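Let me begin by presenting the structure, written as structure tokens, before commenting on it.
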Amino acid sequence: MMQEWDVLIAGGGNAALCAAIAARRAGRSVLVLEKAPKFYRGGNTRHTRNMRCAHDAATGTLTGPYTGDEFMQDLLRVTSGNTDEALARMMIDRSYDMLGWIQEQGVRFQPSLGGTLSLGRTNSFFLGGGRSMLNALYRTAERLGVVIRYDHEIVDVEIEGPRFHAARVRTPKGHTRIKARTLVAASGGFQADIDWLKQGWGERADNFLIRGTPYNRGSLTRALINSGVQQIGDTTQCHAVAIDARAPKFDGGIITRLDCVVFGIVVNSNADRFYNEGEDIWPKRYAIWGRLVAEQPDQIAYIVFDAPNLEKFMPSLYPPIQADSLLELANKLSLDPKRLTETVTTFNKAVIGGRPFDQSEPDGNRTEGLEINKTNWAQKIETPPYYAYPVRPGITFTYLGVRVDDGARMVMANGMPAENMFAAGEIMAGNVLGQGYAAGIGMTIGAVFGRLAGEEAAAHVA
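Taking numbering that gives the first Met the number 0, the leading residue of the sequence shown gets 0, the next gets one more, and so forth.
See below:
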């Protein structure tokens, strides 16, 4: 370890690597500290598939234009306006050249997937998925001379007023102190700290499943806030989706997510529906279902559908529960057979429409007369065999973090900008995502603010 680094980067995912590459390309010495072992490096980036960026025309991997104005409207819709609009607009504007820049770092894209994803026009998919994308960034960073240390966790920071001086780091060989001229915090959220989640969710958090690694515990977030950096967000706001209830407690990743809500109905442990399954196309509304399930008894629900829809979506790693009748299905799910049958029968009687089923846009096939109507993609559930997936809240990342300005510079509790501290990715995502989510935005936040943080940190050193 050299005596003092130009840029110290905490984290090992998309945001951290974009920052490291940008700073190193500007000629600065860069040290990346990844809390996880090498195999688990990259946090949630390992489990991603795509990135949402603005573009004015179709490309080889995108089917049409997706303007900055449309991107902004989508963001305002999913967050219900709970976003820093100026910061969000800056991010979207900078996303235009992000796809080109990230390909220059070795990342490759493939044509978008179809089905319920409906992302062919808006999102670029990584060839080989998130791990392949991550490996490409690491290869480039290492080739440029970025130094990377695994199993290194920043547990405290030395900050005097608005200025960072050094980090206290836990390593496999004990604790050490690392000095740097600038700090870029890109260390993810705190979703793996169940006790911290309980501060907002109470005992319900015991039933949450964490989609990523057990290493995202927010130790740097705590240290920064305790040292005078301004907090943004609260413990209840997060990216939470409905994932297969049979997934492991940690690191189930993308293969346990379920995209089949629009093809059936969702019932709780009382066999009652509790929300409109056809509110909007899936990429704009899938991230509400983790929170919805979290509000149900025992934090569990069941997606119920029938035979014609079995192969219309990407399945979970686990097979669906199958039965030849609703009564048999209810027994397998430990639900009240009479109540489940009543719920499905009542739903079927309320279905009207008849238009061709098209999951890529709201189709107007709906129910009428129910306490909770399904406003699109309503189909009768009447053709055996019947299927169900049990689902629980799957927490991807939390939105509580540190406030930044339009230069990715942290903001202190007194409202003044930090002198030499920057942040990117999930640790500052709450600036853009006050609530809600749309597919691919997390990677956009990480890449855009990561690159910006690296450039600004390098400029500060100069």
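Even glycine gets a Cβ: it sits at the ideal position worked out from N, Cα and C. Keep in mind that this is a model prediction, so the values were computed, not measured.
Query                                                                                                           : Result
Which residues DSSP lists as bridging Q109, in chain order                                                      : F124
C-alpha gap between D258 and D243, whole angstroms                                                              : 11 Å
Opposing strand residues paired with P392 [DSSP bridges]                                                        : A241
Alpha carbon of S117 to alpha carbon of P384, nearest angstrom                                                  : 27 Å
Nearest candidate by alpha-carbon position, reference L291, set M313, N330, V447, V266                          : V266
Cβ pair N375, T366 closer than 7 Å                                                                              : no
C-beta neighbour in chain B for G105, strict 7 Å                                                                : Chain labels in this structure do not include chain B; a single protein chain is all it has.
Anticipated Cβ contact below 8 Å, Y214 with A428, distance rounded                                              : Their Cβ separation, rounded to whole angstroms, is 17 Å, which puts Y214 and A428 out of contact at 8 Å.
6 Å CB neighbourhood of L156 in its chain, flanking five on each side removed                                   : In the sequence as presented, Leu is not what sits at residue 156; that position holds Val. Closer than 6 Å at the Cβ level, and outside the excluded window around V156, lie A166, A222, S226.
Residue environment, R272, which counts as buried when at least 16 other CB atoms sit within 10 Å               : buried
Cβ-based burial, A56 [other Cβ within 10 Å; buried from 16]                                                     : exposed
Closest residue to E159 among A22, T340, V228 (Cα-Cα distance)                                                  : V228
Exposed unless 16 or more other CB atoms sit within 10 angstroms - verdict on E33                               : buried
Backbone CA spacing between I436 and R284 [nearest angstrom]                                                    : A small fix is needed here, since residue 436 is Tyr in this sequence, not Ile. Each residue's Cα considered, the two are about 7 Å apart.
The segment 313-324 / the segment 355-364 touching (three or more Cβ pairs under 8 Å)                           : no
Spatial neighbours of G199 in its chain, beta-carbon cut-off 7 Å, leaving aside the 5 residues before and after : D233, T234, T235
Three-state secondary structure (DSSP) of F421                                                                  : strand
Segment contact, 8 Å Cβ cut-off, at least three pairs: the segment 170-183 with the segment 201-214             : no
First and last residue of the uninterrupted alpha helix (DSSP H) at H46                                         : Note, H46: premise wrong, no alpha helix (DSSP H); not H, not E.
Residue from G453, G10, D279, A239 whose Cα sits closest to the Cα of T220                                      : G10
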